[in-house]
Amino acid sequence: MLSLLVAFFLVAIITSFLCSLWEAVLLSITPAYARLQLEQGGRTGARLERFKRNIDQPLAAILTLNTIAHTVGAIGVGQQAALIWADANPLITSLAVPATMTLAVLILSEIIPKTLGASFWQRLAPFTARSLAFIIAALYPLVWACQLVTRSLNRSHSASVLTRSEFLALAELGAQEGVFARGETAIIRNLLRFKDVTARDVMTPRMVVRTADAGTSVGAFLGANPGLRFSRIPLSREGRSEDISGYFLRTEALER
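In terms of my numbering, the sequence shown is numbered consecutively and its last residue is 499.
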């Protein structure tokens, strides 16, 4: 009887441990990682992409198996404990055994596996993909029934997995962690602002624009403006700043 109690206990804890581990890994996998694995080829990438696209299916399989393990484990442990300690103090079967089972489930099958899954999800992703594919196939009727319920509750279209603000936040985080240089992050930030920036926002005010007469030599103009910081110089006709005929690039002028 004691061996049966230990067997029920271990089956419940180990199964629940794996379910919590798979759930943590699945929810930690980013869409970008799944797409990268898909582009590299192999079954892992295809499975991860499918799971992230239809996440209700693997979650239903995980929760179904976890519920079965908890139910069977609790019933089995409780029955065996009642048989083993039938003549002992009732506190053993009514308090000590349930309390021990609860603490074991909390620590061994919730806290530890979810911490491991969230911390090492990249290493565990291939194992998780293979395991979930098998569990979904084994429990498909129950998974299908669970999906009917979740689909009726979630009929709205899926939201975008990445927004512009989140992309910018990722770029900032990449700069902090050394993935991007500060200049690269600034380029990304400016690119994302292009659709909101007008020509008026970036144009040079007329009062500070430096123009050159079309008949003036490059040497004379640069000599008269040694501290010039503009790269494009508008060309005017006969010194009239309102009559612009074109422009020249200071860098190209210096090369000639």
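Ideal Cβ placement from N, Cα and C applies to all residues, glycine included.
| said: So Ile378 and Leu308 are supposed to be a Cβ contact under 8 Å. How far apart are they, rounded? | reply: 6 Å
| Between the Cα of Val263 and the Cα atoms of Leu413, Phe464 and His313, which residue gives the shortest distance? | It is Ser, not Val, that sits at residue 263 in the sequence shown. Nearest option by C-alpha distance: His313.
| query | Under a three-way DSSP split, which group does Arg432 fall into? | reply | Taken through DSSP and simplified to helix, strand or coil, Arg432 comes out as helix.
| query | In this structure, does DSSP put Gly489 in helix, strand or coil? | reply | Gly489 falls in the strand class under three-state DSSP.
| query | Taking all protein chains shown into account, do 16 or more other C-beta atoms lie within 10 angstroms of the C-beta of Gln365, making it buried, or fewer, making it exposed? | reply | exposed
| task | May I ask which residues mark the beginning and end of the beta strand (DSSP E) holding Ser479? | result | Arg475 to Arg480
| Can you tell me where the alpha helix (DSSP H) with Lys438 in it begins and where it stops? | Looking at the DSSP string, Lys438 is not in any alpha helix (DSSP H), and its letter there is neither H nor E.
| query | Rounded to a whole number of angstroms, what is the C-alpha to C-alpha distance between Ser362 and Pro448? | reply | 53 Å
| task | Return yes when the Cβ of Arg475 is within less than 7 Å of the Cβ of Ala457, no when it is not. | result | no
| What first and last residue would you give for the alpha helix (DSSP H) that runs through Ile311? | Asp299 to Ile327
| query | Under 7 Å, do Ala372 and Thr310 count as touching if we go by C-beta distance? | reply | no
| request: Look at the Cβ atom of Ile305, then the Cβ atom of Trp265, and state whether they are nearer than 7 Å. | output: yes
| Among residues of its own chain, excluding the 5 on either side of Cys389, which ones have a beta-carbon nearer than 6 Å to its beta-carbon? | Ala303
| query | Roughly how many angstroms separate the alpha carbons of Gly421 and Leu281, rounded to a whole number? | reply | 26 Å
| task | Could you tell me if Lys438 is buried or exposed, where buried requires 16 or more neighbouring beta carbons within 10 angstroms of its beta carbon? | result | exposed
| Quick one: is Ile272 buried, meaning 16 or more other Cβ sit within 10 Å of its Cβ, or exposed? | buried
| field | Supposed close pair Leu261, Val320 - CB separation, criterion 8 Å | value | Not a contact, Cβ separation roughly 18 Å.
| What span of residues does the alpha helix (DSSP H) with Glu266 cover, start to end? | Leu245 to Ser271
| query | DSSP beta-bridge partners for Asp456? | reply | Ser479
| Do Leu269 and Pro301 have their C-beta atoms closer together than 7 Å? | yes
| task | Would you mind sorting Gly567 into buried or exposed? The rule is 16 or more other CB atoms within 10 Å of its CB. | result | Past the boundaries of the shown model lies residue 567; the chain is included only from 244 to 499, so the question cannot be answered.
| query | When we look at the beta-carbon of Ile386 and count the other beta-carbons within 10 Å, is it buried (16 or more) or exposed? | reply | Note that residue 386 corresponds to Val in the displayed sequence, not to Ile. It counts as buried.
| Opening and closing residue of the alpha helix (DSSP H) in which Ser374 lies | Trp364 to Ala381
| message | Considering just the uninterrupted stretch of the alpha helix (DSSP H) at Val340, what are its terminal residues? | response | Val340 to Leu349
| Short check: CB of Leu435 to CB of Arg407, under 7 Å? | yes
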